[in-house]
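A.B. asks: Here the sequence shown stands for residues 515 to 979, where the numbers follow the numbering used here. Built from N, CA and C at the ideal position, the CB exists for glycine as well. All figures in this text were calculated on a predicted structure; none of them were measured in a lab.
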Amino acid sequence: MAQVQTADATASVLYDEKIDLRALSDPVTAALDADKREGLLLAVRARWVALVVIALFLPYVNPTWGVLYYEAMLVGFALIGWAQIKAGRLGASKRELALVFCDLALMTFIQVVPNPFMEHEFPAAMQYHFGSFKYFFVLLAGATMAYSWRTVFAVGTWTSGLWIGGLIWISFQPPVLPEVSQDIQVLLANHPNLLKFLDPNDVRIPGRVEEILVFLIVAGILALGGRRTSRLLRKQAEVARERANLARHFPPNIVDQLAIRDQPLGAVRDQDVAVMFVDIVGFTKLAEKQTAGQVVGTLREFHARMERAVFDHDGTLDKFLGDGLMATFGTPEPGPQDASNALACAQTMIAAMDVWNRERQAMGAEVIRISIGLHYGGVVLGDIGSDRRLEFAVLGDAVNVASRLEGLTRRLDVRVAVSDDLIERARGEAAEEATGETDELLAKLTSVGPQDLRGRDEPIVVWAR
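1. Given a cut-off of 8 Å on the beta-carbon distance, is the pair Ala858 and His817 in contact?
2. Under the assumption that Gly891 contacts Ala931 (Cβ atoms under 8 Å), give the Cβ distance between them as a whole number of angstroms.
3. By the 10 Å Cβ neighbour count, where 16 or more other Cβ atoms means buried, how is Glu610 classified, buried or exposed?
4. Who are Gly896's beta bridge partners in DSSP?
5. Report the rounded CA-to-CA distance for Glu938 versus Ala944, giving the unit in angstroms.
6. In chain order, what residues of the same chain lie with their CB nearer than 7 Å to the CB of Leu909, ignoring the 5 residues before and after it?
7. Use the C-beta contact count for Glu725: other C-beta atoms within 10 angstroms, 16 or more gives buried, fewer gives exposed.
8. Kindly indicate which residue of Thr665, Phe631 and Phe623 has the alpha-carbon position closest to the one of Ile678.
9. Apart from the five residues just before and just after Val869, which ones in its own chain have a Cβ nearer than 6 Å to its Cβ?
10. So what does DSSP say about His495, is it helix, strand or coil?
11. Let me confirm a value: Gly807 is counted as buried when at least 16 other C-beta atoms fall within 10 Å, else exposed. Which label applies?
12. What is the rounded straight-line gap between the Cα of Lys532 and the Cα of Ile731?
13. Is the CB-CB distance between Ile599 and Val558 below 8 Å?
14. Buried or exposed: Phe791, going by 16 or more other Cβ atoms within 10 Å of its Cβ?
15. Determine the contact status of Asp837 and Ile864, defining contact as a CB-CB distance below 8 Å.
16. If you reduce the DSSP assignment to three classes, tell me which class Asp784 lands in.
17. Locate the alpha helix (DSSP H) running through Met632, then write down its first and last residues.
18. Express the C-alpha separation of Lys648 and Arg664 in angstroms, rounding to a whole number.
19. Rounded C-beta distance between Ser674 and Val717? I'm assuming under 8 Å.
20. Grouping DSSP H, G and I as helix and E and B as strand, with all else coil, what is Pro846?
21. Quick check on DSSP: helix, strand or coil for Trp579?
22. Round the Cβ separation of Ala940 and Ser854 to the nearest angstrom and send it over; I've been treating them as touching at under 8 Å.
23. In whole angstroms, what is the alpha-carbon distance linking Thr578 and Ala569?
24. Helix, strand or coil: which one does DSSP assign to Ser961?
25. Count the other CB atoms, across all protein chains shown, that sit within 10 Å of the CB of Glu982; report buried if there are 16 or more and exposed otherwise.
26. Could you check what DSSP says for Ala931 in three-state terms: helix, strand or coil?
27. DSSP three-state call for Ile882: helix, strand or coil?
28. Considering only C-alpha positions, which residue in the set Asp549, Met587 and Tyr583 is nearest to Trp562?
29. Secondary structure at Phe686, three-state DSSP: helix, strand or coil?
30. Would you give the residue range spanned by the beta strand (DSSP E) that Leu831 belongs to?
31. Quick one: what does DSSP say Val975 is sitting in, helix, strand or coil?
What follows is the structure, encoded as structure tokens:
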């Protein structure tokens, strides 16, 4: 039956909620996980390139042995990036968050603690004078690759906490070069604002508060944007999944119509449709002469050709039945040419098999014969199954009759057996069309009179080809 699986599992695929990856659709989960890993790999490679450039540039701006301290810190950033690739997965794991914190802690350490290998004594408060806080924004941008708004917001709050912690640590350090601060205070006694700017032991608290506030605002905006993006991605994943499910069973033009409906397949209802059953005659003996791989290859080729014929005539591929299939015409919505489309589809299938058999004979392969049964009548349409797995089912006597007609072809030694009900319906449709194509299809059929069908009390008039 046409499988229309619910999208509830996919609806939980995001980042603004706790994710149960086991509940997700495997293709969706794999796609999101692969995309995140690809993004992380790209970000870490960019990090490594940047670190190499910085490592080469540092000796130029700091041609002392103290530069080795910063080179070692760069190696630390490179190793954290490598670990992030190993730990990266959909959502945000504890290991991944721990590595993000290590990034922030290392960045804070470099910016707050003076280089212990510097040749001259240096006030720790001067570390806040260089405007190096902007490098935290690079780490914030990298956090967006986690597909988690919580991770982005955590970077904002952790950075603020670490930056404040560094500020508190410096405030407890004894002044370095206090005489310089005293001299500046004497020289700039009448210029207090300039004094705060030039005092090497002043951490400039207003500036630090401004940095934290701006960083939190940017982190909050990115987190909200990430949450909105994740919701949009979730909706798109649901739509793509639903369209993929529909595309397995309906032709593209019908999929486009169904995709924009709130209830694509509608409620349970009675409806008249044309039902088709197709089967390979003697497939068991054919399979005995082939390997398992050859059998599967033959079935795939057969199914592909039959599927194309069904979709080309606005039919619905209900299901594959091993070496056969069931198709309907007039589902999920009835059309003006359902019976005629079923006849035309049968004609196309026969022609497709003739072409394929010529190709097989040219390769020395055995000819494949198919049998087709067609009937038009009332059925019940609707979803059946559990909430976890629903199937769009076509049920009723018309389905049974079409199946029996397909089996009747072997007794009559014909390729197509059609019920008189479908013939009458097709004649009615032919009267309304101007091309005469249906009349041509009907002319190829011959009445074989009333026939008994297994499981039915009354015989039905059958037409055959």
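C.D. replies: According to the structure shown:
1. no
2. Not really, about 15 Å apart at Cβ, beyond 8 Å.
3. buried
4. Ala907
5. 10 Å
6. Once the five neighbours on either side are set aside, the close Cβ partners of Leu909 are Val893 and Val894.
7. buried
8. Phe623
9. Hits under 6 Å: none found.
10. For residue 495 there is no data in the structure shown, the boundaries of the chain being 515 and 979.
11. exposed
12. Low per-residue confidence applies at Lys532: pLDDT is 40, beneath 50, and the placement is therefore not dependable enough to give any value.
13. Result yes, Cβ atoms of Ile599 and Val558 sit closer than 8 Å.
14. buried
15. no
16. strand
17. Run containing Met632: none; DSSP gives neither H nor E here.
18. 21 Å
19. Contact flag wrong, Cβ pair sits at about 15 Å.
20. Of the three classes helix, strand and coil, the one that applies to Pro846 here is coil, per DSSP.
21. coil
22. 5 Å
23. Approximately 14 Å between the Cα atoms of the pair.
24. strand
25. Since the first and last residues shown for the chain are 515 and 979, residue 982 lies out of range.
26. It is a strand residue.
27. When DSSP states are grouped into helix, strand and coil, Ile882 belongs to the coil group.
28. The shortest Cα separation from Trp562 among Asp549, Met587 and Tyr583 belongs to Met587.
29. In this structure, DSSP gives Phe686 a state outside helix and strand, which the three-state scheme calls coil.
30. Thr830 to Phe834
31. strand
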